[in-house]
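Have a look at the structure below before the remarks.
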Amino acid sequence: MPRRSTVLPSQGKGQTRQWKLTDFEIGKRLGKGKFGKVYCVREKSSGYVCALKVMSKQEIVSYHIEKQIIREIEIQANILHENCLALYGWFQDDQNVYLVVEYAAHGELYKTLTRLKRLADPLASYYIYQVARALKHLHSKHLIHRDLKPENILIHLDHRVKLADFGWSAYVGGDPAPNTGNRRTTMCGTLDYLPPEMVEARQHDQRVDVWALGVLLYELLVGHPPFEEKHAGDTYKRIARVDFSVPEWVDADARDLLAGLLRYDAERRTTLDDVVMHRWVLKNKLRWEKSWR
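Pasting the structure below:
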């Protein structure tokens, strides 16, 4: 894996350099995942604050995720959208692979949700609106995210959403790689967020992200995923039956959006274009535009 030329926003267009670990002041640890740790860092020459994802080469090899890491780098490097976490560059040494990514001040949405239990409609609608825009951008690039969940959504200042973690992302129709059709069959993602077509091992396309957006909306409003069970087998069964109920206290328009997103038939699910223009989003839009935009 060759070392890549990199550029930070503050360095100016066309200015590139080869990074190494000593180019950064390492700050507090922001998080820890299965394959690595994330730190807040400052790039010494520019003073730019960003995040550094450190992944052990030994663990990458032992978990056989070399191709997944390469795909994550290639995909994230080509995604430029205000609601997608930017990858500024990457480098490596003998022990680790390092990804230099955009810093999100408030961390994972999961932590916010754990603290607040559930979100009020204005904030929930603002997050759903932004995630839908991020997914629309991915889909326009013939990409599926395939692992949407609160842990993979980062929150920056003024509640700005940054969709992150593209390790399970994949190309569909229009993929530059050969022999890739419009649908895929790989089982991936997080159980609570899997759609029926995945738990039944059927082909899937970008509409798996639409289903996951519905699961996210439910979790933001209710405080837990709609198909959650103690045993994984029971969760699979509930997903396959689309067996969920929405508490009566949830706003009627939000319930309408949930019903459109969480449909067994992928072709009948609400489109992302319709999500951003849904009446539940629009009636809350004035409130979050005054507060956070």
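Residues 15 to 307 in our numbering are what the sequence shown spells out, letter by letter. The beta-carbon is built from N, C-alpha and C at its ideal position, and this holds for glycine as well. Owing to the predicted nature of the structure, the values given are computational and were not obtained by experimental measurement.
Exercise. Opposite Phe105 in the DSSP bridges: which residues?
Worked result: Tyr112
Exercise. Taking only runs of the alpha helix (DSSP H) that begin and end inside the stretch 49-90, which ones reach a length of at least 4 residues, in chain order?
Worked result: 71-76
Exercise. Taking buried to mean at least 16 other C-beta atoms within 10 Å of its own C-beta, is Arg216 buried or exposed?
Worked result: exposed
Exercise. Quick one: what does DSSP say Tyr185 is sitting in, helix, strand or coil?
Worked result: strand
For this session: Have a look at Lys304, Gly274, Glu233, Thr284 and flag the residue whose alpha-carbon is nearest the alpha-carbon of Pro261.
Result: Glu233
Problem set entry | Residues sharing a beta bridge with Gly47, DSSP | For Gly47, which the question treats as bridged, DSSP gives no partner whatsoever.
For this session: Quick one: grab the DSSP three-state call for Gln144.
Result: helix
Exercise. Between the stretch 175-182 and the stretch 131-148, do three or more beta carbon pairs fall short of 8 angstroms?
Worked result: yes
Problem set entry | Closest residue to Asp9 among Leu149, His170, Gly41, Ala273 (Cα-Cα distance) | One cannot answer for residue 9 here, as it falls past the ends of the chain, which runs 15 to 307.
For this session: Please state if the CB of His170 and the CB of Val223 are separated by a distance shorter than 9 angstroms.
Result: Strictly speaking, residue 223 in this sequence is Asp, with Val absent from that position. The answer is no: Cβ separation not under 9 angstroms.
Exercise. Is any beta-carbon of chain B found at less than 9 angstroms from that of Lys71?
Worked result: This model lacks chain B altogether; it includes just one protein chain.
For this session: In angstroms with no decimal places, state the Cα-to-Cα distance between Ala254 and Pro240.
Result: 12 angstroms
Exercise. Among Ala266, Val236, Glu243, which one has its Cα closest to the Cα of Leu130?
Worked result: Val236
For this session: Work out the CA separation of Leu137 and Asn298 for me, nearest whole Å.
Result: 9 angstroms
For this session: Just grab the DSSP bridge partners of Val175 for me.
Result: Ile169
Problem set entry | Cβ pair Gly181, Arg85 closer than 9 angstroms | yes
For this session: Please confirm whether Ile167 and Leu123 have their CB atoms less than 9 angstroms apart.
Result: yes
For this session: Have a look at the DSSP bridge pairing and note the partners of Ile158.
Result: Ala184
Problem set entry | Collapsed DSSP secondary structure at Thr194 in the structure displayed | Confidence in Thr194 is poor, its pLDDT being 40 and thus under 50, which makes the residue's placement too unreliable to answer from.
Exercise. Are the stretch 100-113 and the stretch 68-75 touching, with three or more C-beta to C-beta distances below 8 angstroms?
Worked result: yes
For this session: Can you give me the Cβ contacts of Tyr278 inside the same chain, cut-off strictly under 7 angstroms, excluding the 5 residues immediately before and after it?
Result: Pro210, Val256
Problem set entry | Same chain only: Cβ atoms within 7 angstroms of Leu208, ignoring 5 sequence neighbours per side | Ile253
For this session: Whole angstroms is fine: what's the gap from Asp248's alpha carbon to Met212's?
Result: 15 angstroms
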